[in-house]
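Worksheet: the structure to be examined is printed underneath.
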Amino acid sequence: TLVHDGFELVVNSVEQIAYDSGGGPDRVYLYDSDGDDTLTARPRSAELVGVGYRFEVTEVSRIYVHATGGGQDYAYLYDSQGDDRLSVRPQFSSLSGDGYFNYVRGFERVYAYATGGGQDRADLYDSSGDDRFATSGASASVVGPGFSSFTRSFESVYAHSSGGSDLATLYGASAQTQWQQGSDFIRFREGDLSREARGFQSVETFVAGQPQRLGESLASLGEGQAPLLSTANTSPWLTPVGWASQDVERPLAEEPAVAQPLHGPAAHPNLAELGVLRQTDELSAWLQTRLALPEEPLLNDPLLEHSLLDEIFGQL
Numbered sequence: 004t005l006v007h008d009g010f011e012l013v014v015n016s017v018e019q020i021a022y023d024s025g026g027g028p029d030r031v032y033l034y035d036s037d038g039d040d041t042l043t044a045r046p047r048s049a050e051l052v053g054v055g056y057r058f059e060v061t062e063v064s065r066i067y068v069h070a071t072g073g074g075q076d077y078a079y080l081y082d083s084q085g086d087d088r089l090s091v092r093p094q095f096s097s098l099s100g101d102g103y104f105n106y107v108r109g110f111e112r113v114y115a116y117a118t119g120g121g122q123d124r125a126d127l128y129d130s131s132g133d134d135r136f137a138t139s140g141a142s143a144s145v146v147g148p149g150f151s152s153f154t155r156s157f158e159s160v161y162a163h164s165s166g167g168s169d170l171a172t173l174y175g176a177s178a179q180t181q182w183q184q185g186s187d188f189i190r191f192r193e194g195d196l197s198r199e200a201r202g203f204q205s206v207e208t209f210v211a212g213q214p215q216r217l218g219e220s221l222a223s224l225g226e227g228q229a230p231l232l233s234t235a236n237t238s239p240w241l242t243p244v245g246w247a248s249q250d251v252e253r254p255l256a257e258e259p260a261v262a263q264p265l266h267g268p269a270a271h272p273n274l275a276e277l278g279v280l281r282q283t284d285e286l287s288a289w290l291q292t293r294l295a296l297p298e299e300p301l302l303n304d305p306l307l308e309h310s311l312l313d314e315i316f317g318q319l
């Protein structure tokens, strides 16, 4: 349906539709089918494809796409050459920048790419259930009941936890990765990239694939007793040392200089951390069952999905 200044055009039973706005503050609303659908959205353009149909729109400043018909639906969002802002929630996601706003709702999986340039920011929000956030310098993902979102190449990523037993896992690339921790957040910085997790009940950090903790330089390991962590709510930028896991809600001064083993038969049965580990194990089993990869490959970038899911589950 095309509506403009008292004029209305209705088109039915057409398999392929292409619309060019020609400029101006136009809006387009697209709706999916009852089957599996794939959306590819770029600044001022979008293509929605399913079995037996194809919709394409160009030169549209505001695009709204709703996946309400059923099936397994995938959305691929691409940024502009300028500064862009991504917001991801369980029900909907939006990517916006200079002169465009793309909004998607109801898609089971959302993939967002910041490869066009500029200083791009992504905000990832959890659900009311148990969710998992994982990030490295290149990518970030949030996975929960009925939804999963993946991002790549955003300069800044902020993950927000507000409910459920959520777990954040952060992967640093090397000993040069800079870390900062406060009473309810943890973040790291690698060059121009920054990653932050805020409000998560449980946090894991890894550097070069190895579990880590914060507080002293790697160069000082084995040279005497480790210093205690800062007692301030916000610590300075730090380099990591070996650790297993940490609850960011505890003040930093309460973290022992030498952590007790939390994994395996050596762990004490009365440690409070074991409850968190049991919850993590249960969440891991649920996620692996819930997010089994489909038999058919993804239409755009199957290698990306496999690598991200391997990153999420590889350390569980």
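Number 304 in this note's numbering belongs to position 301 of the sequence shown; there are no gaps in the numbering.
Even glycine gets a Cβ: it sits at the ideal position worked out from N, Cα and C.
Three-way DSSP call (helix, strand, coil) for residue i in this model
i, result
"V54", "coil"
"G227", "Bear in mind that a pLDDT of 32 at G227, under 50, signals an unreliable position, so the number given afterwards is only what the model happens to contain. The answer is coil: DSSP assigns G227 none of H, G, I, E or B."
"P148", "coil"
"L221", "Caution is warranted here: a pLDDT of 32 is assigned to L221, below 50, making its placement in the model unreliable, and the coordinate value is therefore given only provisionally. Looking at L221 - three-state DSSP - the assignment turns out to be helix."
"D169", "coil"
"A178", "coil"
"S131", "coil"
"G100", "strand"
"E111", "coil"
"S142", "strand"
"A137", "strand"
"T41", "strand"
"S64", "coil"
"S197", "strand"
"L70", "One detail in the question is off: residue 70 reads as Ala in this sequence, not Leu. Looking at A70 - three-state DSSP - the assignment turns out to be coil, as it is neither helix nor strand."
"A117", "coil"
"Q291", "Any reading at Q291 needs caution, since the residue's pLDDT is 48, under 50, leaving its predicted position unreliable; the model's value is listed next. Of the three classes helix, strand and coil, the one that applies to Q291 here is helix, per DSSP."
Candidates the options, of which the one nearest residue i by Cα
i, options, result
"F95", "V210, L89, G109", "G109"
"G121", "L98, E62, E158, A115", "E158"
"R201", "A137, Y56, G194", "A137"
"S64", "S83, D87, P46", "P46"
"N105", "E111, P93, D82", "D82"
"A125", "R57, A162, E50, E59", "A162"
"Q84", "D134, G175, G26, T118", "T118"
"Y32", "D129, R135, I66", "I66"
"Q179", "Y128, G185, D195, Y56", "D195"
"V52", "D40, W182, F188, T61", "D40"
"G140", "V91, E199, G132", "E199"
"R216", "S197, G175, V60", "G175"
"Y79", "R155, S164, W182", "R155"
"Q345", "F188, D187, S197", "Only positions 4 to 319 of the chain appear in this structure, which leaves residue 345 out of reach."
"E62", "I189, Y22, G38", "Y22"
Identified DSSP bridge partners for residue i
i, result
"Q183", "R190"
"F157", "Note: F157 sits in no beta bridge, so no partner."
"P214", "F209"
"E59", "A21, E50"
"V126", "Contrary to the premise, residue 126 reads as Asp rather than Val in this sequence. Paired residue(s): S90, Y161."
"F203", "None, per the DSSP bridge assignment."
CB-CB length for residue i against residue j, believed under 8 Å
i, j, result
"A115", "L89", "5 Å"
"D87", "L98", "6 Å"
"Y56", "E18", "5 Å"
"S24", "G72", "With a Cβ gap of about 25 Å, S24 and G72 do not count as contacting."
"D133", "G149", "Not really, about 12 Å apart at Cβ, beyond 8 Å."
"L127", "V145", "4 Å"
"G167", "S142", "About 23 Å; that fails the 8 Å criterion."
"V210", "S177", "7 Å"
Below-8 Å beta-carbon distance, residue i vs any chain B residue
i, result
"D37", "The structure shown contains no chain B, having only a single protein chain."
beta-carbon residue i near the ligand HEM non-hydrogen atom, thresh 7 Å
i, result
"A141", "No copy of the ligand HEM appears in this structure; indeed no ligand is present at all."
Any 3 or more C-beta pairs closer than 8 Å across the stretch 195 to 209 and the stretch 164 to 172: Segments in contact, yes.
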